[in-house]
């Protein structure tokens, strides 16, 4: 028998009852005559489970701390009085435990009798029939009768709550074990659930006993996963029945990269359940990864290749081969006419490593230039530049688990509860344990104050002043003698440090000097600096509020400087942690998607690296950098850049200064878009190659921890080809022989050519579950923590970080500052999440405005507001919020019609051209109709959707 | 592309390297442009500087002068 199947028979994941404990000490005990040795702190229940002895339980589950309410897991312990609960009893040295005997059996049967006396007896038609812990326990204890009868008071007529689109809450089946409440507290950290009432009246309540959708619930599903009965069940399970096999794969949403079990019936996903063994998520997830996968089978999916000569005519459905020849022909014509550098490509940060590698290979080998770039350009390219320069590697230094050893956590320009929810839950756990929290953000994001979490310092700095404030913090640390001089002397370049020290000591870098411009009081800056510097372990986490600025790269270097200054690098609990946004943006950067670097961050001018690739690829590679995305648009408008191959990116929605972007796209003579849906960019395309979702292909994603995880196919690609196969077809049509049989071969090639990936292979990934690069002879199982003995560049480099105020300043014409961000339920451009029930939470982008600014303009909540900048104008509904300070307004970019990026400008980071999304000078005023751009957008969209409809209709007619 | 864009970029790079010592700043700008700008962009800015009133600030101008010495970029 041979098979290439990744499938495992469906069964519930093993559950040891209580969390695993780590300790240097062990204890040995005997359970039912079996000797077992466990780390100190392990419970008797968990120890028994390790020995293969399964003590009956209902309120215990190994993702949650023991609770001791159901009383099923009672045991006898020699010398101890009564019947202790094995879940709350720590294993003791020399204990002798009996888990089953007649006395215990009676007690357990009595417990089950009570539960079943108030429980519906509709097992056969219940969604969790056969997969229900209550059923298991009734069977395990040998329940044969319920002596109370069924006529007494009960909860059987309790009404279902179907408010949440993804799961149903059926209180008639609830056994009030509190697992859901505890999951919402311990796992997720939202504290939305409680047990309301007492005694017989006890019941699970969401917030103020509201329907789930109206409550504080964020729909992460941890409660659904924890529930041992059918009380909290996925709607998809109710509709479809139970899965028959599962495949472990990785989420395609954010940079946390949660590992999931895709639980299947044939080629249909029944539900996505977080994988407990996931190195990044340890069995948790958010609303998107767990529930919002329906986009993959949405009717909007385009499944046939299409071409057209101009963007003002309908599409024509064609075969793959015809699409490839048409595209290749146009590319070659354009290169003949305008030069080899007149074409380029954008790799997807959502497609797999193998796929982005192939796109940059196609550009370099088949197009013959270096005009390739990726979405990191508009988000974390400053991280690449800044960390490479100071520490020597374009990536974060730790893994997520490292946060559990941090004593002081600094969050700069990041909103983790919305954008990296599973990691935020872990961070909140550490904060509840007592770590201090310092937040630098113009807004009061949720992390500043949330259940049992409150920032010790919130620095609400004015957008654009990051470098000033960070310099002031460093100034404080040096001035007050809080630096880790030993670390600096041993680990960093001394000359550079001395230059930097002189620079940072200047009066203009003091907290007092920056207080007015930044809007943060000097004492707050000093307090934050002292807290971070004095903590044994200080860890900095940052996001796009750092990078998407005119001084994004400078801010990253300032962060690295702070970490080096305080010796917070090279071990667990510390570090510089960029929260990478997309599921594979780290990967696409690693794979050489930047115009100036080959895979592994090696500059194209490096002859030795070029030779390595030239030999393998059998082509010459240009030694000069290619165009970055913003420069591709500039060149297109100037008439020098004429064709673009865009894989999985929607630049027309996500890139700034929309009118400039669409002008550029309209100027192209050939645009090839490879995507799942007709997105905004595809409306300007001439060739549409239908893409494959993460469920339809094999490959790997690399998350923000440098963790490479497998993506495993669960269904055949709807369009017939995986994305890597499409790129391959295009390459072949261009005359370049690309001929991989399986993505594993692509990874093998990457490993051959890239030292940091040398030890990575699909076989190794199957063995280790996931691998954090570098993985090679020096680190055979990967590298959770970087820069341990020395930095990748040897000695750490302090870079000078002078504060240069951005050009984007408020004026009488534009007196407010607009900053942008994301929310939990919608993802990036919303192409995926808008096609799921997640729109229940966020149907449109709104403008958050402080009451003071609203009042001055006569704006009430819900009014249409015209938002205007020097780049353009759009209209959104206003929401009055105290999360923003007076003078700052905020919106999101998840819906194309809101035109958020019509307003953002072409200002960008000096080093990388990463757009300054976070600072736009605007004016807001009440309006009565949508903006001109929005009206034109609606017309254009209707026209393009019409062209798509004609293609589908055309395909149904008989061919003459 | 529009050379005013290139001038703005060069000036911005120069402002960010300008932390005191002019020679270091010029070297920084030169290295940056060499590593990250395309051949066409480099040729274009060099040609622009040759043509006279450039809008380049002092440090950027000095860096472009240095850049022009590299034969590869001779327009």
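Residue numbers (my numbering), protein chains in the order written: chain A, 16 to 975; chain B, 893 to 967.
All C-beta atoms in this analysis are idealised placements derived from N, C-alpha and C, irrespective of residue type, glycine included.
Its chain contains 190 as the residues whose beta carbon lies nearer than 6 Å to that of residue 130 of chain A, once the 5 sequence neighbours on both sides are disregarded; these appear in chain order. Rounded to the nearest whole angstrom, the CA to CA distance from residue 264 of chain A to residue 24 of chain A is 15 Å. Between residue 968 of chain A and residue 202 of chain A, the alpha-carbon positions lie close to 49 Å from each other.
Residue 483 of chain A is bridged by DSSP to nothing; it lacks a bridge partner.
In this structure residue 183 of chain A does not touch residue 290 of chain A by the C-beta definition: roughly 24 Å separates them, more than the 8 Å allowed.
Straight across, the Cα-Cα distance linking residue 537 of chain A with residue 684 of chain A is about 55 Å. For residue 566 of chain A, at least one C-beta of chain B is nearer than 8 Å to its own C-beta.
A direct Cα-Cα distance of roughly 23 Å separates residue 525 of chain A from residue 591 of chain A. Excluding sequence positions up to five before and after residue 138 of chain A, its CB lies within less than 7 Å of the CB of 144 and 150, all in the same chain and listed in chain order. Separation of residue 425 of chain A and residue 209 of chain A (C-alpha to C-alpha, rounded to the nearest whole angstrom) is 30 Å.
Below the 8 Å Cβ cutoff, chain B contributes 930 as neighbours of residue 642 of chain A, in chain order. For residue 592 of chain A, the enclosing beta strand (DSSP E) stretches over residues 590 to 593. Closest by C-alpha distance to residue 388 of chain A, out of A:358, A:411 and A:403, is A:358. Contact annotation: in the segment 930 to 946 of chain B, residues whose CB is within less than 9 Å of a CB in chain A are 930, 931, 932, 933 and 934. For residue 569 of chain A, the neighbours in chain B by C-beta distance under 9 Å run, in chain order, 908. Residue 123 of chain A and residue 282 of chain A have their C-alpha atoms roughly 41 Å apart. Residue 940 of chain B and residue 946 of chain B have their alpha carbons spaced roughly 7 Å apart.
Under the Cβ criterion of 8 Å, residue 955 of chain B is not counted among the residues facing chain A. Contact annotation: residue 322 of chain A and residue 338 of chain A have beta-carbon atoms nearer than 8 Å.
Judged by their CB atoms, residue 221 of chain A and residue 299 of chain A are not nearer to each other than the 8 Å cut-off. Linking residue 671 of chain A to residue 751 of chain A through their CA atoms gives a straight-line distance of about 34 Å. At a beta-carbon threshold of 8 Å, none of the residues of chain B lie near residue 629 of chain A; the nearest stands roughly 19 Å away. Restricting attention to A:669, A:549, A:569 and A:493, the CA atom closest to the CA of residue 513 of chain A is found in A:493.
Annotated as distal: residue 187 of chain A and residue 362 of chain A, with beta-carbon spacing of 8 Å or more. Under the Cβ distance rule, residue 406 of chain A does not count among the residues neighbouring chain B, no pair being separated by less than 8 Å.
The beta carbon of residue 518 of chain A sits closer than 8 Å to some beta carbon of chain B. Here DSSP, grouped into helix, strand and coil, assigns residue 670 of chain A to coil. For residue 905 of chain B, the closest Cβ of chain A is nearer than 8 Å. For residue 791 of chain A, same chain residues with a beta-carbon under 8 Å away, outside a window of 5 residues either side, are 770, 771, 772, 773 and 774 in chain order. Residues of the segment 803 to 826 of chain A that bring their beta carbon within less than 9 Å of a beta carbon in chain B comprise 815, 816, 817, 819 and 822, in sequence order. For residue 199 of chain A, same chain residues with a beta-carbon under 7 Å away, outside a window of 5 residues either side, are 205, 206, 207, 208, 237 and 238 in chain order. By the C-beta density criterion, residue 140 of chain A is exposed, having fewer than 16 other C-beta atoms within 10 angstroms.
At a cut-off of 8 Å between beta carbons, residue 923 of chain B makes no contact with chain A. Annotation: residue 952 of chain B has no Cβ neighbours in chain A at a cutoff of 9 Å; minimum Cβ distance is about 11 Å. In the structure shown, residue 100 of chain A falls within a strand segment according to DSSP collapsed to helix, strand and coil. Residues of the same chain with a CB within less than 6 Å of the CB of residue 748 of chain A, apart from the 5 flanking positions on each side, are 339, 340 and 343 in chain order.
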